[in-house]
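Enquirer:
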Amino acid sequence: MPTETFLETPQARRIAYHLTPGTGPCIVFLGGLKSDMEGTKAVHLECWAKGQGRAFLRFDYSGHGESSGTFTDGCIGDWAEDTRAAVSVLTDGPLLVVGSSMGGWQALLLARAVPERIAGLVTIAAAPDFTEDGYWASFTDAQKHALKTVGHVELPSDYMEPYIISKRMIEDGRRHLVLRDPLHLPFPSRFLQGTADTAVSTDTALRLLEHATGPDMRLTLVKDADHRFSDDACLDLIEEAITDVLAAID
């Protein structure tokens, strides 16, 4: 395993990354909430990209993996800043962005911030606006009171230790919602979603498909696939989606 390299962002956060040289567009993997760049999908796709001679970037948001900071201090806007810094400094030219879960939201924010650089998009169980439509919408009155008085609430996870959700994450999330305003994706976009996903529902995937506009968008529902979307069959589907986007770009 190669040693991590670090990037200092304009916000003085230290971001760990792995960059594989190759032909463009550079494939950028954006991971999920509390995931890191050593996850199954990120490492598998890096290996696949190397085999294809494609440029590939994976990195840890601040408060994740080997990057600086703590998760509980972070929020959607911080991780969007990390993403923009990584692609701005480490890559040139067009990008094919692959976003998993929260990384799907980050991919949409990146497309909104630098639309001229996005050549294609693949999302895996994308979770746009989840701080508002998932967390806040499901909080009890007691949890909302705790958020205001204690500053955070603790939520169970099916996949790891409980999430500590801060008041700052909820308030910052409202400044970065993407499903309330027009969302134009003028490039090939492929959305992948498992029907057995207990973290992100198929309703979310359908809402994204219906809300966004663009000339070439497709949603693939995979029966019985869960939120990890990382067994061999699902990894093959991600490769196929990237290949399909690359073909449409070329």
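Quick note on numbering: UniProt numbering labels position 96 of the sequence shown as 96, and the sequence is numbered without any gaps.
Positions of the beta carbon are idealized from the N, C-alpha and C atoms, including for glycine.
(1) Taking K41 and S100 to be in contact with their CB atoms under 8 Å, please state how far apart those CB atoms are, rounded to whole angstroms.
(2) Mind reading off the beta-carbon distance from F191 to A126? Whole number of angstroms is fine, and I expect it under 8 Å.
(3) Pull up the distance between the alpha-carbon of M1 and that of L7, whole angstroms please.
(4) Considering Cα atoms alone, identify which of T213, L109, F71 and L235 is closest to R174.
(5) Name the two residues that bound the continuous beta strand (DSSP E) containing A16.
(6) Nearest-angstrom Cα distance between S88 and F56?
(7) What residue does the beta strand (DSSP E) around C26 start on, and which one ends it?
(8) Does the structure place the stretch 146–154 close enough to the stretch 228–238 that three or more beta carbon pairs sit under 8 Å?
(9) Could you name each continuous beta strand (DSSP E) segment of 3 residues or more that falls completely within the stretch 160–227, going from the start of the chain to the end?
(10) Find out if the Cβ-Cβ distance for the pair I124, D60 is shorter than 8 Å.
Expert: Quick answer:
(1) 6 Å
(2) 6 Å
(3) Confidence in M1 is poor, its pLDDT being 40 and thus under 50, which makes the residue's placement unreliable; the coordinate value appears in the next sentence. Cα to Cα, M1 sits roughly 19 Å from L7.
(4) L109
(5) R14 to T20
(6) 14 Å
(7) T23 to L30
(8) no
(9) 163–166, 189–194 and 217–222
(10) no
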